[in-house]
Amino acid sequence: GAGVSQTPSNKVTEKGKYVELRCDPISGHTALYWYRQSLGQGPEFLIYFQGTGAADDSGLPNDRFFAVRPEGSVSTLKIQRTERGDSAVYLCASSSGTSGGELFFGEGSRLTVL
Amino acid sequence: AQSVTQLGSHVSVSEGALVLLRCNYSSSVPPYLFWYVQYPNQGLQLLLKYTSAATLVKGINGFEAEFKKSETSFHLTKPSAHMSDAAEYFCAVRNKNDMRFGAGTRLTVKP
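Keeping their order, the protein sequence lines are chains A and B. Counted the way this note's numbering counts, the first sequence spans residues 1 to 114. Counted the way this note's numbering counts, the second sequence spans residues 1 to 111.
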């Protein structure tokens, strides 16, 4: 596609439920990032993929959060046993992987945990 | 480790006035620096980036930023604010594949 696509755009769930958020990056981009943005805050790094592998997952807050990118394109962020504190906008970005290149962002998935 | 500090979470200017949004960075190596803009309910859009080619960088919508190594700063400016500039602005620093963002500055433009 022309840009980074994220689905769903909005997700409301109940505490304790499982959630999956999907990201479809720009075609050909090898690098893919997940960030979390809480109200009034800047994007907070979660995880970075280069190809199929998670090159850096140091930003994942705990083991309830997991992300995959099995074929090196689409990525899914998975959150188990959701908590109210997980409510945020989850942003996905992709990059061509060149040094110093910019990240191209999707519009985000807004997650609300009731 | 690298980080970004944006001074002023909220800046308000009158239409036609100078816009100055401040960004200071910390990086152990020469950084790549970026400014992104975010309009309500949208993703981040790139305004401009510094990649060491020139210290004064011009971006879209009349914005520019100057890299000052001695001050570890990368402040964003625009000579004359327009109502459509009202948005959230984020400074970011990148080292290899690690990109970190500041907390953001909300710009309000008064008529």
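Just so it is clear, CB atoms sit at the ideal spot from N, CA and C, and this is done for glycine as well. Computed from a predicted model, the values in this text were never measured in an experiment.
Is there at least one Cβ from chain A nearer than 8 Å to residue i's Cβ?
i	result
residue 24 of chain B	no
residue 32 of chain B	yes
residue 99 of chain B	yes
residue 8 of chain B	no
residue 114 of chain B	The requested residue 114 of chain B does not occur in the structure, where chain B is confined to residues 1 to 111.
residue 46 of chain B	yes
residue 96 of chain B	yes
Can you check whether the C-beta of residue i is within less than 8 Å of a C-beta belonging to chain E?
i	result
residue 31 of chain A	Any reference to chain E falls outside this structure, whose protein chains are A and B.
For residue i versus residue j, is the C-beta distance shorter than 8 Å?
i	j	result
residue 88 of chain A	residue 37 of chain A	yes
residue 70 of chain A	residue 52 of chain A	yes
residue 52 of chain B	residue 30 of chain B	yes
residue 103 of chain A	residue 48 of chain A	no
residue 111 of chain A	residue 14 of chain A	no
residue 44 of chain A	residue 59 of chain A	yes
residue 113 of chain B	residue 109 of chain B	Look at the range of chain B in this structure, 1 to 111, and you will see that residue 113 of chain B is not part of it.
residue 9 of chain A	residue 109 of chain A	yes
residue 90 of chain B	residue 18 of chain B	no
Following a CB-centred definition, is residue i positioned closer than 7 Å to any heavy atom of the ligand FAD?
i	result
residue 87 of chain A	Annotation note on the ligand FAD: not contained in the displayed structure, which lists no ligands.
In chain B, which residues lie with their C-beta within 7 Å of the C-beta of residue i?
i	result
residue 106 of chain A	43
residue 48 of chain A	97
When you compare only the Cα positions, how much space is there between residue i and residue j?
i	j	result
residue 61 of chain B	residue 47 of chain B	8 Å
residue 117 of chain B	residue 18 of chain A	The question about residue 117 of chain B has no answer here: the residues shown for chain B are numbered 1 through 111.
residue 76 of chain B	residue 64 of chain A	38 Å
residue 92 of chain A	residue 105 of chain A	6 Å
residue 28 of chain A	residue 96 of chain A	7 Å
residue 9 of chain B	residue 38 of chain B	14 Å
residue 76 of chain A	residue 16 of chain B	44 Å
residue 67 of chain A	residue 40 of chain A	25 Å
residue 61 of chain A	residue 35 of chain A	11 Å
residue 97 of chain B	residue 106 of chain B	27 Å
residue 49 of chain B	residue 111 of chain B	29 Å
residue 72 of chain B	residue 86 of chain A	34 Å
residue 73 of chain A	residue 79 of chain A	20 Å
residue 42 of chain B	residue 27 of chain B	29 Å
residue 54 of chain A	residue 101 of chain A	19 Å
residue 90 of chain A	residue 11 of chain A	11 Å
Against chain B, does residue i count as a neighbour if the rule is that its beta carbon must be under 8 Å from one of theirs?
i	result
residue 55 of chain A	yes
residue 66 of chain A	no
residue 80 of chain A	no
residue 25 of chain A	no
residue 77 of chain A	no
residue 103 of chain A	yes
residue 42 of chain A	yes
residue 111 of chain A	no
residue 99 of chain A	yes
residue 91 of chain A	yes
**OP:** Identify each residue in the region 50-78 of chain B for which the Cβ-Cβ distance to at least one residue of chain A is less than 7 Å, and report them in chain order.
**Re:** Taking 7 Å as the Cβ-Cβ cut-off against chain A, the residues of the region 50-78 of chain B that qualify are 51.
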